[in-house]
Amino acid sequence: MISSVLHFHVRGCYFQEGGKINNTMNVKEAFWKTLQTWRSWVIQNTHPDNSYIFFRSYSPTHFRQSTLNKLTGYDFEPYYCREGKWDESGHCDTSTLPENDYTKLNAEPWNNIFIYKTIEMMKDVKRNIQFLNITYLTEFRNDGHPSVHREPGTPIPSPQDCSHWCLPGVPDTWNKLLYAHLLSKDYRTKKRKNV
1 MISSVLHFHV RGCYFQEGGK INNTMNVKEA FWKTLQTWRS WVIQNTHPDN
51 SYIFFRSYSP THFRQSTLNK LTGYDFEPYY CREGKWDESG HCDTSTLPEN
101 DYTKLNAEPW NNIFIYKTIE MMKDVKRNIQ FLNITYLTEF RNDGHPSVHR
151 EPGTPIPSPQ DCSHWCLPGV PDTWNKLLYA HLLSKDYRTK KRKNV
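Number 195 marks the last residue of the sequence shown (UniProt numbering); no jumps.
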């Protein structure tokens, strides 16, 4: 089983707990509750002898912001800013090569720390769980998003896609890491006997 984290846990709004709507829960609290629900489900619905579980970490986004250049008056000079947002003119179409300056990379995001703690809490129930941390290596691939290259018929200008990983390379690397983990745990395909 492979579980992962999407970018839906980055904004607050409301959350339903049982039959009640909770409007006061912040994003981190809601994410922690989500992980604890996942943990309970895994403990109740998987068997330690025949289940292997991966939890894939957070995949970063690479939105940049533009700033007005006071000397030239142009507003297209991008600076590296992880606070750019898809719905506020965030863009990534200027990224054509992988990042090679590790000092520009973010620290481990809080949601990965929550995932790691949840997995650590499950060690006593003897489940085969592996944290597949793809965040750091994916941080380097700011060039791996579709950006302006969207589906045919997408109106221009539309928000750029700087959060999905639809281009070859990055998801392929994730799959290779998953495959390597499976091989390291001796999960191999059975060889067919020649008849």
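Just so it is clear, CB atoms sit at the ideal spot from N, CA and C, and this is done for glycine as well.
Residues in its own chain within less than 8 Å of residue i by CB, not counting five upstream and five downstream?
{"i": "asparagine 100", "result": "Phe140"}
Can you tell me whether residue i is buried or exposed? The criterion is at least 16 other CB atoms within 10 Å of its CB, across all chains shown.
{"i": "residue 203", "result": "The shown model of the chain, from 1 to 195, leaves out residue 203, and the question about it has no answer."}
{"i": "tryptophan 174", "result": "buried"}
{"i": "leucine 35", "result": "buried"}
{"i": "tyrosine 102", "result": "exposed"}
{"i": "glutamate 83", "result": "Confidence at glutamate 83 is low in this model, with a pLDDT of 46, below 50, so the placement of that residue should be treated as unreliable; the coordinate-derived value is given next. Answer is exposed; the Cβ neighbour count stays below 16."}
{"i": "serine 184", "result": "exposed"}
{"i": "histidine 47", "result": "exposed"}
{"i": "valine 195", "result": "For valine 195, the predicted model reports a pLDDT of 44, less than 50, meaning its position is unreliable and no value from the coordinates is stated."}
If you follow the beta strand (DSSP E) that residue i is part of, which residue opens it and which one closes it?
{"i": "leucine 132", "result": "129 to 132"}
So, using beta-carbon positions, are residue i and residue j closer together than 7 Å?
{"i": "tryptophan 165", "j": "proline 159", "result": "no"}
{"i": "serine 143", "j": "threonine 94", "result": "The question names serine, but residue 143 in the sequence shown is aspartate. No, these two residues do not count as a Cβ contact at 7 Å."}
{"i": "glutamate 114", "j": "tryptophan 32", "result": "The question names glutamate, yet the displayed sequence has phenylalanine at residue 114. Contact flag set, yes."}
{"i": "valine 42", "j": "asparagine 111", "result": "no"}
{"i": "tyrosine 58", "j": "proline 109", "result": "yes"}
{"i": "threonine 118", "j": "arginine 56", "result": "no"}
Cutting at 6 Å between CB atoms, please list the residues of its own chain near residue i, excluding the five before and the five after it.
{"i": "threonine 61", "result": "Cys162 and Ser163"}
{"i": "proline 98", "result": "Phe140, Arg141 and Asp143"}
{"i": "tyrosine 52", "result": "Asn128"}
Just to confirm my understanding: we take residue i, look at its own chain, exclude 5 residues before and 5 after, and list those with CB closer than 7 Å. What are they?
{"i": "glycine 73", "result": "Confidence in glycine 73 is poor, its pLDDT being 42 and thus under 50, which makes the residue's placement too unreliable to answer from."}
I'd like the span of the alpha helix (DSSP H) that includes residue i, first residue to last.
{"i": "arginine 39", "result": "27 to 45"}
{"i": "lysine 176", "result": "170 to 184"}
Runs of beta strand (DSSP E) lying entirely within the region 92 to 163, each at least 3 residues, in chain order: The qualifying runs are 129 to 132.
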